[in-house]
Structures are given as C-alpha cells and as structure tokens.
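For the sequence shown, my numbering assigns the number 63 to the initial residue and increments by one for each residue that follows. As structure tokens, the structure follows; a few thoughts come after it.
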Amino acid sequence: TSDGTVENGDVLRINFNSSITGAMAETIAESIQFSNTSDAPNTSNRTVTYTISDGTDTGTGTATVAVTSINDAPSVSTNSGLTVNEGAVGRISDSILNTTDPDDSGAGLTYTITTGTGYGSVWIDTDGNNEINGGESALAINGTFTQQDINDGKVKYLHNGSEPANESFVFSVQDGGEN
63 TSDGTVENGD VLRINFNSSI TGAMAETIAE SIQFSNTSDA PNTSNRTVTY
113 TISDGTDTGT GTATVAVTSI NDAPSVSTNS GLTVNEGAVG RISDSILNTT
163 DPDDSGAGLT YTITTGTGYG SVWIDTDGNN EINGGESALA INGTFTQQDI
213 NDGKVKYLHN GSEPANESFV FSVQDGGEN
C-alpha cells in the first residue's frame, strides 16, 4: 500500500535504487514495526518472513513477533441513579449502573464501596426476597459486589424510612489489573 501499511498477510515490498547504502537499508529495516489494533488480540506469536535481494544474491529469513495483550481499564458507562420511596427497596439494575471493559465482564468487574450510604443499605439479595436476612448483610465501606451481581438483579438498596431528599454511595471499579 502507499503508506507502507500491510494487513492480513499482505506483502510489503521496498525497492531501492543503486544509490542505497548498507547503512540506509539497515535503518529502513530496523524501522519496520508490527502494530496490533485489537483490544483483545490473539496472543499467539506471529511469524514474519522476509526476503532481501540486491538483484544478484537473495537471502530469506524469519522473525517472530510476540504479542502481549494489555489490560484495559474498566469504564463506568452508566450511573444514572435510582429512585425509591421512603422505606422502600429498589433494585440497582444494569440500566442504572453498568461498567464495561474489553478484557472482562460480569464477575470479572468488582465494585468496592468507598463511601457508604447515610439513609439506607446496599446489599446483595442472594435469595431475592427484597429483605436483608439470613446470611445477607448491608455492604459497608470496602464491601464488594460484581457487575454480574447487578446483571442478575441481586444488588439492592433499602431506604431506612427517614426524610432525606438525596442519598448516594461512592464506589471504585476494578478488573483485577487497574482501578
């Protein structure tokens, strides 16, 4: 191609005229780069085969390119808030709170409460009965839940019945590699 970009097994051909020196050819060869644009690349090694010819003699070789996947940070894509009546329970659904990550999803995305609620409780309703009972408990600071818990409809908020107009909690999201 005209910009020297090759894709999917295309051939990059560089032709030199008679004024090329060995140093010039070496500089050009050393500037050839491999770039992967996928957020989740196949990490199998790539083999690059090259042929060099001066018009008389020809040499062929191979080089191996190792591809290492980079852990992309998660991104909170939706955080729209929940409205509940005094003393009522509300479900924090994925349309209210949702995080995306090219590397992880569901159980791989963990929310950690960094500042708790003042007028209610966030909890994982494992039995689905809209009550904090049995082995369930309100999530305190450093309490965690996952995107999968949200997707499964298990993350709930129970208002304590008092009169505040607004309530919130602060969280961070991790995917295991970064915050």
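Where a beta carbon is used, it is the ideal one built from N, C-alpha and C, also for glycine. Keep in mind it's a predicted model, so treat the numbers as computed, not measured.
Whether residue i touches residue j by CB criterion (8 Å)
{"i": "Ser131", "j": "Thr99", "result": "no"}
{"i": "Asp165", "j": "Asn191", "result": "no"}
{"i": "Thr122", "j": "Thr113", "result": "yes"}
{"i": "Ala200", "j": "Val217", "result": "no"}
{"i": "Thr126", "j": "Thr109", "result": "yes"}
Residues near residue i by beta carbon distance below 8 Å, same chain, minus five either side
{"i": "Ser234", "result": "Tyr173, Thr174, Thr176 and Asn241"}
{"i": "Phe231", "result": "Ile175, Thr177, Gly178, Thr179 and Val184"}
{"i": "Glu198", "result": "Trp185, Ile186, Asp187, Thr188 and Asp189"}
Of the listed residues the options, nearest to residue i (C-alpha basis)
{"i": "Asp163", "options": "Ser139, Asp156, Leu74 and Ala150", "result": "Ser139"}
{"i": "Asp189", "options": "Thr111, Ile203, Gly215 and Ala202", "result": "Gly215"}
{"i": "Gly238", "options": "Glu225, Ala169 and Asp187", "result": "Ala169"}
{"i": "Ala202", "options": "Asn70, Gly196 and Gly182", "result": "Gly182"}
{"i": "Pro226", "options": "Thr120, Gly117 and Gly149", "result": "Gly149"}
{"i": "Ala242", "options": "Asn107, Glu69, Ser115 and Glu229", "result": "Because the chain here runs from 63 to 241, residue 242 falls outside it and cannot be looked at."}
{"i": "Ile154", "options": "Phe207, Thr120, Gly196 and Ser167", "result": "Phe207"}
Neighbour-count burial assignment, residue i, 16 or more Cβ in a 10 Å radius
{"i": "Ser81", "result": "exposed"}
{"i": "Gly136", "result": "Reading off the sequence shown, one finds Pro at residue 136, where the question assumed Gly. By the 10 Å Cβ count, Pro136 comes out buried."}
{"i": "Val129", "result": "exposed"}
{"i": "Ile94", "result": "exposed"}
{"i": "Thr89", "result": "exposed"}
{"i": "Leu74", "result": "exposed"}
{"i": "Phe78", "result": "exposed"}
{"i": "Ser64", "result": "Below a pLDDT of 50, predicted positions are generally treated as unreliable, and Ser64, at 47, falls in that range; the measurement from the model is reported next regardless. Classification for Ser64: exposed."}
{"i": "Phe96", "result": "exposed"}
{"i": "Ile76", "result": "exposed"}
Cut-off 7 Å between Cβ atoms - residues of its own chain near residue i, not counting five sequence neighbours on either side
{"i": "Thr161", "result": "Pro136, Ser137, Val138, Ser139, Leu171, Gln209 and Val235"}
{"i": "Ile194", "result": "Ser183, Trp185, Ala200 and Leu220"}
Same chain only: Cβ atoms within 6 Å of residue i, ignoring 5 sequence neighbours per side
{"i": "Gly243", "result": "This structure cannot speak to residue 243, because the chain is shown only from 63 to 241."}
{"i": "Asp156", "result": "Ile212 and Asn213"}
{"i": "Gly84", "result": "none"}
{"i": "Pro103", "result": "Val129 and Ser131"}
{"i": "Ile158", "result": "Ser142 and Leu144"}
{"i": "Asn107", "result": "Thr126 and Ala128"}
{"i": "Gly117", "result": "none"}
Any chain B beta carbon closer than 8 Å to residue i
{"i": "Asn195", "result": "Included in the structure is just one protein chain, with no chain B present."}
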